[in-house]
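Notes to accompany the following structure.
2 protein chains.
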Amino acid sequence: MKGQDVILGVLLEAPMSGYDIKHYFEKHFPDMFVASFGTIYPTLNRMEKEGLIEKEIVLQEGKPNKNIYHITEIGKEAFHAYIQSPIEPKTIKYDFMMRLVFGRYVSQQQLLEWLKQELHQLKEDLVKLRSQDEDPCDCYCDCQKLALRFGIAIQQAGVTELENIIDEFENFGQKETAF
Amino acid sequence: MKGQDVILGVLLEAPMSGYDIKHYFEKHFPDMFVASFGTIYPTLNRMEKEGLIEKEIVLQEGKPNKNIYHITEIGKEAFHAYIQSPIEPKTIKYDFMMRLVFGRYVSQQQLLEWLKQELHQLKEDLVKLRSQDEDPCDCYCDCQKLALRFGIAIQQAGVTELENIIDEFENFGQKETAF
DNA sequence: CTAGCCATGTAATCGGTTACATGATTGG
DNA sequence: CCAATCATGTAACCGATTACATGGCTAG
Numbered sequence: 001m002k003g004q005d006v007i008l009g010v011l012l013e014a015p016m017s018g019y020d021i022k023h024y025f026e027k028h029f030p031d032m033f034v035a036s037f038g039t040i041y042p043t044l045n046r047m048e049k050e051g052l053i054e055k056e057i058v059l060q061e062g063k064p065n066k067n068i069y070h071i072t073e074i075g076k077e078a079f080h081a082y083i084q085s086p087i088e089p090k091t092i093k094y095d096f097m098m099r100l101v102f103g104r105y106v107s108q109q110q111l112l113e114w115l116k117q118e119l120h121q122l123k124e125d126l127v128k129l130r131s132q133d134e135d136p137c138d139c140y141c142d143c144q145k146l147a148l149r150f151g152i153a154i155q156q157a158g159v160t161e162l163e164n165i166i167d168e169f170e171n172f173g174q175k176e177t178a179f
Numbered sequence: 001m002k003g004q005d006v007i008l009g010v011l012l013e014a015p016m017s018g019y020d021i022k023h024y025f026e027k028h029f030p031d032m033f034v035a036s037f038g039t040i041y042p043t044l045n046r047m048e049k050e051g052l053i054e055k056e057i058v059l060q061e062g063k064p065n066k067n068i069y070h071i072t073e074i075g076k077e078a079f080h081a082y083i084q085s086p087i088e089p090k091t092i093k094y095d096f097m098m099r100l101v102f103g104r105y106v107s108q109q110q111l112l113e114w115l116k117q118e119l120h121q122l123k124e125d126l127v128k129l130r131s132q133d134e135d136p137c138d139c140y141c142d143c144q145k146l147a148l149r150f151g152i153a154i155q156q157a158g159v160t161e162l163e164n165i166i167d168e169f170e171n172f173g174q175k176e177t178a179f
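Just so you know, the sequences run in chain order R and B.
Oh and the first sequence: position 14 is 14 in full-length UniProt numbering, straight run, nothing missing.
Oh and the second sequence: position 112 is 112 in full-length UniProt numbering, straight run, nothing missing.
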């Protein structure tokens, strides 16, 4: 699964600009895929050259012009190839968890700070997912609801466990650690 | 958090070869960081040139020689710089969840297969984490136990939710989908 | 006998990030 | 007035992956 595949997937739903695509990503699958403009624009340009998508320039008043991209037949075939390919194993880079593993090299204060910081982040993400889940505007298909539900379950578990950990931390052990 | 940081972290614990490092990664933090030999060996060579680590060649009988790497003072400083830097946001690439989102473009059979496949994978990972948790051989520090506990909680939530989803899937809805 | 483990490495490539550049409009 | 939003792009770089090459030992 690379940028191209996800872009094709969202363009299959509706024609969009690079700017729109990024916001779509952030709103609909923040916990599955991340892409910056630096990825999206060059990818779109390459895809256009390869004939996977077509550009339509939309002039706007008071705003910069938009490049709205439409998926082509070739693009649909490429998406199809992706969706039929074997699922790639998930890859995670979870710095917070790594810090926990190396936690003995920092102070208890630092560790507690990290825990609270991560809890805050997880809660924030959870709120986003939940609000998305309840939003009737976006008419998600059943599958998207499934994805959302799965994501929420995982996120919720993380929040709960972190809360427990922080609780124990504040009530018990203040053992020494050193670098 | 890049390969180098994690390598330094494990070398701080014990001198190791590239081969060992990979296995250490897989055993101790499968759900936090992934690295292939193609990443590890070039990284180790670069790190040696930069003086972060030192190579000790260990001759073995009946097996190829090992390059055991030791962390240097410069390496320790580099690790320290990492551990003091702000925590990087986690990045995930979760193809399975993406497939769920695009689930409407495949058959119900395909979707169900994907769900079962992922459940199988999650369960397998969970067993690994649990066995690691119970293993008294590895004397983990409290922090590592925390990381493990956190990982297990998340993994467990995923398994439970997937089981529910599959259950509903098999008992209800067989609506039509098309590409 | 053959598959798998042990063990290391390199060259080519890829996918993505960072930092920069541009520039108008709107809201506080 | 400043920050944010809208909107696109490029050049340099980086970290990592893939595919290949080597080769002996061990267990089924």
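Note that beta-carbon positions come from the ideal geometry of N, C-alpha and C, so glycine has one too.
Same chain, Cβ closer than 6 Å to residue i, five either side skipped, listed in chain order
i: residue 103/B; result: 111
i: residue 82/B; result: 5
i: residue 39/B; result: 3
i: residue 114/B; result: 99
i: residue 177/R; result: Low confidence applies here, because residue 177/R scores a pLDDT of 46, under 50, leaving its location unreliable and the question unanswered by this model.
i: residue 73/B; result: none
i: residue 127/R; result: none
i: residue 20/B; result: none
Exposed unless 16 or more other CB atoms sit within 10 angstroms - verdict on residue i
i: residue 172/B; result: exposed
i: residue 118/B; result: buried
i: residue 90/R; result: buried
i: residue 58/B; result: exposed
i: residue 29/B; result: buried
i: residue 164/R; result: exposed
i: residue 109/R; result: exposed
i: residue 155/B; result: buried
i: residue 162/B; result: buried
i: residue 13/R; result: exposed
i: residue 62/B; result: exposed
Member of the options whose CA lies at the smallest distance from the CA of residue i
i: residue 88/B; options: 99/R, 90/R, 120/R; result: 99/R
i: residue 9/R; options: 67/R, 154/R, 79/R, 144/R; result: 79/R
i: residue 92/R; options: 44/B, 20/B, 33/B; result: 33/B
i: residue 106/B; options: 59/R, 14/R, 84/R; result: 84/R
i: residue 50/R; options: 29/R, 75/R, 67/R; result: 75/R
i: residue 181/B; options: 157/R, 144/R, 61/R; result: Because residue 181/B is not part of the residues shown, which for chain B are 1 to 179, the question remains open.
i: residue 16/R; options: 65/R, 142/R, 1/R, 133/R; result: 65/R
i: residue 35/B; options: 3/B, 47/B, 12/B, 44/B; result: 3/B
i: residue 147/B; options: 121/R, 95/R, 135/R; result: 95/R
i: residue 11/B; options: 63/B, 47/B, 86/B; result: 47/B
i: residue 153/R; options: 97/B, 134/B, 124/B, 18/B; result: 97/B
i: residue 121/R; options: 159/R, 61/R, 168/R; result: 159/R
i: residue 142/B; options: 56/R, 142/R, 168/R; result: 168/R
i: residue 55/R; options: 61/R, 67/R, 62/R, 63/R; result: 67/R
i: residue 1/R; options: 134/R, 86/R, 19/R; result: 86/R
Chain R residues whose Cβ lies nearer than 9 Å to that of residue i
i: residue 103/B; result: 141, 142, 143, 144, 146, 147
Neighbouring residues, chain R, relative to residue i (Cβ below 8 Å)
i: residue 128/B; result: What residue 128/B touches in chain R: nothing, since even the nearest Cβ is about 14 Å away.
i: residue 100/B; result: 143, 144, 146, 147, 150
i: residue 165/B; result: 146, 149, 150
i: residue 21/B; result: Going along chain R, no residue has its Cβ under 8 Å from residue 21/B, so there is no contact; the nearest lies around 14 Å.
Other residues of its chain near residue i: CB distance less than 7 Å, five sequence neighbours each side excluded
i: residue 151/B; result: 31, 129
i: residue 123/B; result: 159
i: residue 60/B; result: 66
Cut-off 8 Å between Cβ atoms - residues of its own chain near residue i, not counting five sequence neighbours on either side
i: residue 116/R; result: 166
i: residue 258/B; result: This structure cannot settle anything about residue 258/B, because the visible part of chain B is limited to 1 through 179.
i: residue 125/B; result: 30, 31, 155
i: residue 25/R; result: 6, 10, 33, 34, 35
i: residue 140/R; result: 148
i: residue 18/R; result: 37, 40, 41, 44, 67, 69
Under 8 Å between C-beta atoms of residue i and residue j
i: residue 53/B; j: residue 41/B; result: no
i: residue 43/B; j: residue 71/B; result: no
i: residue 101/B; j: residue 132/R; result: no
i: residue 22/B; j: residue 37/B; result: yes
Chain-ordered neighbours of residue i on chain B, where CB pairs are closer than 9 Å
i: residue 109/R; result: Per Cβ cutoff of 9 Å: no residues; residue 109/R is ~13 Å from chain B at best.
i: residue 158/R; result: 150, 153, 154, 157
Amino acids of chain B, ordered along the chain, whose beta-carbon sits closer than 8 Å to that of residue i
i: residue 117/R; result: 87
i: residue 31/R; result: 92, 94, 97
i: residue 75/R; result: Those within 8 Å of residue 75/R in chain B number zero; the least Cβ separation is about 13 Å.
i: residue 1/R; result: 93, 95, 98
Residue i: contacting residues in chain B (beta-carbon distance under 7 Å)
i: residue 39/R; result: Residues of chain B passing the Cβ test: none, with the nearest at roughly 12 Å.
7 Å Cβ cut-off: residues of chain R touching residue i
i: residue 44/B; result: Residues of chain R passing the Cβ test: none, with the nearest at roughly 19 Å.
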